[in-house]
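Line order of the protein sequences matches chains A and B.
Residue numbering for the first sequence follows my numbering, starting at 5 and increasing by one per position.
Residue numbering for the second sequence follows my numbering, starting at 5 and increasing by one per position.
I have placed the structure first, in the form of structure tokens, so that the comments after it can refer back to it.
2 protein chains.
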Amino acid sequence: MPAMSRGAPRSVTSRVLAILGAFSAERVTLGVSEISRHTGLPLTTAHRLVGELVRWGALERDDAGRYHVGLRLWEVGSLAPRGLGLRETALPFMEDLYEITHQNVQLAVLDGAEVVYVERISGPRAVSVITRPGSRLPLHATGVGQVLLAYADRDLQERVLSGPLRRFTGNTVTDAGELRRVLAAVRRDGVAMCDGQVETFSLSVAAPVYGPADTVVAALSVVVPAEGTDPRTIVPPVRASARGISRALGWAGHRSTHR
Amino acid sequence: MPAMSRGAPRSVTSRVLAILGAFSAERVTLGVSEISRHTGLPLTTAHRLVGELVRWGALERDDAGRYHVGLRLWEVGSLAPRGLGLRETALPFMEDLYEITHQNVQLAVLDGAEVVYVERISGPRAVSVITRPGSRLPLHATGVGQVLLAYADRDLQERVLSGPLRRFTGNTVTDAGELRRVLAAVRRDGVAMCDGQVETFSLSVAAPVYGPADTVVAALSVVVPAEGTDPRTIVPPVRASARGISRALGWAGHRSTHR
DNA sequence: GTCCGTCTTCCGTTGAATGGAAGGCCCAGT
DNA sequence: ACTGGGCCTTCCATTCAACGGAAGACGGAC
């Protein structure tokens, strides 16, 4: 389903990037011809470019002649401010939150019109979730997404509201009017409670994380089973942790209106 | 000290990679002209390539017109098997180890003739260390390095032993013969104890992590203050955690000779 | 044995990448 | 207010690196 066949990229740079983009969570290793097929590049060209990427360490080659993303690229990737930087400061708070809830704790940021999960703490007692660091989901159907959208600029909000809202389950908000009401509620309460909108058996409680400029830079959430503890009991710890991260990031601390 | 001026890369691919390589922990944001200077590329060329990288999401541009590594690249980087894959399985064990020791817990892998730190758990009570995920150090002077070298193939061992051994402190092993003895001891004990060889005030206890093929794929270590608790007391937990990670990675479990 | 899918090398052609020159912008110094 | 110097950006004629077809090598399946 992913990996739309693109119309043969022209510049060398875009070709190189297309090769990197051919790797995904589902396909962590690829052969030259697979890369060629996924990117639409001629086999010879893919072969040559892959060779250069290996020489640098962006890709690595296993004994079977298949390729995977290399350590060097991982190193460079870790320099992304919204990746590692955020992660480093958030992790301790996320661990505390995990100790309290023993459920999946997730941190996500906004990129384009999607949620990107940056970090997750999971454990044996937590419900399984489909997300992992690096995965993307649409904004309207997840707790973190609703938080990020609620505090995003008008432009993006309108763009999402006017676009199609993909349905995942019977609970997914797919009506623009209803989503508008949800977003208003998130802004009012400073928290999103999103029940079974991606997977029926789980719900998430999400709160915004502020940066120094008093803008929302990320969202923190806990995912719990749909049946069981009252989700309202985990609102305070989620809020507290989100606030802790915000402070650690240099947030001045106004907006203390929410109790 | 870093960023040696390279003699003007020729192919487009290598130029693109040179740009990515210009970013480092010390320089997470760069302007076009800085990139040009660091890579030796003509300003115009750097400008054009950076533009393409931004369009794809490999780099991002802030309001000031400076660039930093983008989320998209972080995503792809997270696919590195020895980065995220390892991390995911190791993290729970590392957390347990942290709970026991309340000291820095580090996970590292071998790349070329260097140690690359993949993950670190730190806390308020831990001594500060210079490493962070993504940083590199030579093999001979760190606990994890000595472990990785001890179990590396002969080729690499000879290469390191015959090369210059950089001195960090008065304790650093810089003599090839002595290093040989240290490595033998590591193989015998299944653990490396490395005192003050990078920084005088700390020492580390490191143990090997095995993969399914019964080869060493990583090293786990705890860094403790040089003065204080007897380092021998943390050997058992470090060994146990390293073993736990090995098992979780699919290690069959022979070599159980070490007690 | 043959077939089919894969990876790899070679090399003559060509069009994409190149980078100098020039223009715009902003700040600091005078 | 003017000037100089640092940046970033655009333009476009030249050229050299990227291209990719063809052909060979390998390896497994039937």
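All residues carry an ideal CB built from backbone N, CA and C; glycine is no exception.
DSSP state of residue i mapped onto helix, strand, coil
i	result
B/P137	coil
A/D234	coil
B/T43	helix
B/P241	helix
A/A154	helix
A/E118	strand
A/E56	helix
B/L183	helix
A/R218	The question names Arg, but residue 218 of chain A in the sequence shown is Asp. It is coil, neither helix nor strand.
A/R263	For A/R263, the predicted model reports a pLDDT of 42, less than 50, meaning its position is unreliable; a value from the coordinates is still stated below. In the structure shown, A/R263 sits in coil (DSSP, three-state: anything other than H, G, I, E or B).
A/L253	coil
A/L67	The question names Leu, but residue 67 of chain A in the sequence shown is Asp. Of the three classes helix, strand and coil, the one that applies to A/D67 here is coil, per DSSP.
B/A246	helix
B/S166	helix
A/R124	strand
B/T49	helix
B/L21	helix
A/S225	strand
B/V148	helix
B/S206	strand
B/V73	strand
A/L143	coil
A/V16	helix
A/A189	helix
A/S9	Since pLDDT at A/S9 reaches only 39, below the 50 mark, its modelled position is unreliable, and the value read off the structure follows with that caveat. Looking at A/S9 - three-state DSSP - the assignment turns out to be coil, as it is neither helix nor strand.
A/V177	coil
B/V36	helix
B/V195	coil
Chain-ordered chain B contacts of residue i [CB-CB under 7 Å]
i	result
A/V73	V80, G81, L83, A84
A/G87	L75, W78
A/A62	L21
A/L24	V80
A/S15	E56
A/L53	T17
A/D115	L75
Buried versus exposed call for residue i [16 or more other C-beta atoms within 10 Å across all chains shown]
i	result
A/G87	buried
B/R171	exposed
A/I134	exposed
A/L47	exposed
A/A188	exposed
B/G81	buried
A/S37	exposed
A/P229	exposed
A/S245	buried
B/P216	exposed
B/D115	buried
A/S132	exposed
A/T105	buried
A/R243	buried
B/E64	buried
B/A68	exposed
B/R76	buried
B/E182	exposed
A/A210	buried
B/P128	exposed
B/A154	buried
Within chain A, partners of residue i - CB distance below 8 Å
i	result
B/V109	Those within 8 Å of B/V109 in chain A number zero; the least Cβ separation is about 12 Å.
B/V120	L75, E79
Interface partners of residue i on chain B, CB under 9 Å
i	result
A/F27	V80, L83
A/S18	E56, R59, W60
Chain-ordered neighbours of residue i on chain A, where CB pairs are closer than 7 Å
i	result
B/V32	L83, P85
Point to revise | Those runs of the beta strand (DSSP E) which lie wholly inside the stretch 75–115 of chain A and span at least 3 residues | key: 108–115
**Study point:** Selection of the stretch 133–156 of chain A by Cβ proximity to chain B, strictly under 9 Å
**Key:** R136, P137, G138, S139, R140
Practice item. Output, in sequence order along the chain, the residues in the stretch 176–201 of chain A whose CB is closer than 9 Å to any CB in chain B. Key: none
Exercise for review: Residues of the stretch 155–172 of chain B with a CB closer than 9 Å to any CB of chain A: list them in chain order, please.
Suggested key: none
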